[in-house]
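Asks: Dropping the structure in here first, questions after.
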Amino acid sequence: GAGVSQSPSNKVTEKGKDVELRCDPISGHTALYWYRQSLGQGLEFLIYFQGNSAPDKSGLPSDRFSAERTGGSVSTLTIQRTQQEDSAVYLCASSLDVTEQFFGPGTRLTVL
Amino acid sequence: AQSVAQPEDQVNVAEGNPLTVKCTYSVSGNPYLFWYVQYPNRGLQFLLKYITGDNLVKGSYGFEAEFNKSQTSFHLKKPSALVSDSALYFCAVRDPPGYSSASKIIFGSGTRLSIRP
Numbered sequence: 070g071a072g073v074s075q076s077p078s079n080k081v082t083e084k085g086k087d088v089e090l091r092c093d094p095i096s097g098h099t100a101l102y103w104y105r106q107s108l109g110q111g112l113e114f115l116i117y118f119q120g121n122s123a124p125d126k127s128g129l130p131s132d133r134f135s136a137e138r139t140g141g142s143v144s145t146l147t148i149q150r151t152q153q154e155d156s157a158v159y160l161c162a163s164s165l166d167v168t169e170q171f172f173g174p175g176t177r178l179t180v181l
Numbered sequence: 463a464q465s466v467a468q469p470e471d472q473v474n475v476a477e478g479n480p481l482t483v484k485c486t487y488s489v490s491g492n493p494y495l496f497w498y499v500q501y502p503n504r505g506l507q508f509l510l511k512y513i514t515g516d517n518l519v520k521g522s523y524g525f526e527a528e529f530n531k532s533q534t535s536f537h538l539k540k541p542s543a544l545v546s547d548s549a550l551y552f553c554a555v556r557d558p559p560g561y562s563s564a565s566k567i568i569f570g571s572g573t574r575l576s577i578r579p
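Quick note, the sequences are listed as chains S and R, same order.
Take any residue in the first sequence, count from 1 to its spot, add 69: that is its number in the numbering used here.
Take any residue in the second sequence, count from 1 to its spot, add 462: that is its number in the numbering used here.
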């Protein structure tokens, strides 16, 4: 596609439920990033994928968070047993190596 | 480890006046520096970057930024502000390739720019 796409655009869930957020990067981009942005705040790095290398998971806040990238393209961020503090906008970005990132529109997650 | 600071939460400027949004950084090697803009309810858009070369880089929408190695700064500037420039601006930094931390791009906390007519 022309840009990074994310789905769903909005997700409302109940505390304790699992959620999956999807990211489709720009075709050919080898790097993919996940960030979390709380209301009006800065971006918190979560995880980074680069080609076939082991992902950099150092930003994941707890073991309830995990992500995978299948076939070097689509990525899924999974949050298990969601908590209210997980409510945020989850942003995905892709890039060609160390060049600038292209961001998706984000998924707004609300945990009730 | 790399870090980036945006000391101003908000910058207010009158339309037509010059604007500056400040950013300072700390990295292990020569930095890769970026500015992004976020309009309300939208994703981040790339504005400009410094990798190497001329210290003054020009980007989208008439913005420019000056890399100052001695002051470890990368301030965003525009000679004449527009009301439509009102948005949230983020500075970002990463270590160059070869460093173990190079995979991360670290973002500042953001500066809200408000341009009054």
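Backbone N, C-alpha and C define an ideal beta-carbon position, used for all residues, glycine too.
Rounded to the nearest angstrom, what separates K126(S) and S96(S) at their Cα positions?
Replies: Roughly 23 Å separates the two Cα atoms.
Asks: Check Q24(S) in the structure and name its three-state DSSP category.
Replies: The question about residue 24(S) has no answer here: the residues shown for chain S are numbered 70 through 181.
Asks: How long is the line joining the alpha carbons of R28(S) and S78(S), rounded to whole angstroms?
Replies: The requested residue 28(S) does not occur in the structure, where chain S is confined to residues 70 to 181.
Asks: Assuming contact is defined by CB atoms lying nearer than 7 Å, are P466(R) and G570(R) in contact in what I supplied?
Replies: For the sequence presented, residue 466(R) should be read as Val rather than Pro. Yes, these two residues count as a Cβ contact at 7 Å.
Asks: Using only CA atoms, which one of L181(S), D166(S), A100(S) and E83(S) lies nearest to T139(S)?
Replies: Comparing Cα positions, the closest option is A100(S).
Asks: Measuring straight from C-alpha to C-alpha, what distance separates T82(S) and E89(S)?
Replies: T82(S) and E89(S): Cα-Cα distance of roughly 11 Å.
Asks: According to DSSP, is Q119(S) helix, strand or coil?
Replies: Residue state, collapsed to three classes: strand.
Asks: Any idea if Y498(R) is buried or exposed, counting beta-carbon neighbours within 10 angstroms, 16 or more meaning buried?
Replies: Buried, because 16 or more other Cβ atoms sit within 10 Å of the Cβ of Y498(R).
Asks: Which residues, in chain order, does the segment 568-579 of chain R contribute to contact with chain S at a C-beta distance below 9 Å?
Replies: So the list reads I568, F569, G570, S571, G572 and R574, given in the order they occur along the chain.
Asks: Mind checking E137(S): buried by the 16 CB within 10 Å criterion, or exposed?
Replies: Counting Cβ neighbours within 10 Å, E137(S) comes out exposed, since fewer than 16 surround it.
Asks: Leaving out the 5 sequence neighbours to the left and right, which residues in its chain are closer than 8 Å to F172(S) when beta-carbon positions are compared?
Replies: Once the five neighbours on either side are set aside, the close Cβ partners of F172(S) are V73, L160, C161 and A162.
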